[in-house]
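A.B. asks: I'd like to ask some things about the structure below.
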Amino acid sequence: MADRVERQQVTVETAGGALELVVMVRKVERRHEPAPALLGGDRIGIEAEIEVMERDDQKGPTYFVSRLTGETDWIIDAKFGANGFPHYSHGFGSRVTIARGLPDEICDVLDNEAKNRGMVRTIGRGTPLQLAG
4 MADRVERQQV
14 TVETAGGALE
24 LVVMVRKVER
34 RHEPAPALLG
44 GDRIGIEAEI
54 EVMERDDQKG
64 PTYFVSRLTG
74 ETDWIIDAKF
84 GANGFPHYSH
94 GFGSRVTIAR
104 GLPDEICDVL
114 DNEAKNRGMV
124 RTIGRGTPLQ
134 LAG
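If you use the numbering used here, the sequence shown corresponds to residues 4 to 136, in order.
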């Protein structure tokens, strides 16, 4: 299925109150990354590219995130500032550094995209990812 850009309004609950964000989903696709057993073995799951901005912003940071088979959370693999400056980049599915997650409300957007594209058998908050077919 061809990627389509989806912009969605998301309200994230923070300690300081509700934060209104716009999440732009640029890509969601299944990925298999071969790796030696010494490095944790093959990584199979879903990779997504999203941009997250506050309502009035023209552009926000871009995140590359992944969720591997059996995982219950989306993990940030890479983050680039609105100007393209790389904050960090660990590669698809790398779990050898401290895992940085996303707010549940943004994860829900990604879960729904994966469901809508028919990519998953099971996915959701606290539910291990099982890919379809």
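For each residue, glycine too, the CB sits at the ideal point set by N, CA and C.
(1) Can you list the alpha helix (DSSP H) stretches of 4 or more residues lying completely in the region 74-135, in chain order?
(2) When the Cα of glycine 96 is compared with those of Ala81, Asn86, Pro106, Pro89, which residue comes out closest?
(3) Based on the DSSP output, what are the partners of arginine 46 in its beta bridges?
(4) Leaving out the 5 sequence neighbours to the left and right, which residues in its chain are closer than 6 Å to glutamine 11 when beta-carbon positions are compared?
(5) Note down, in chain order, each residue of its chain lying with its Cβ closer than 7 Å to the Cβ of alanine 117, except the 5 sequence neighbours on either side.
C.D. replies: By the coordinates alone:
(1) 107-119
(2) Ala81
(3) Glu36
(4) Val26, Val112
(5) Val31, Ile49, Val123, Ile126
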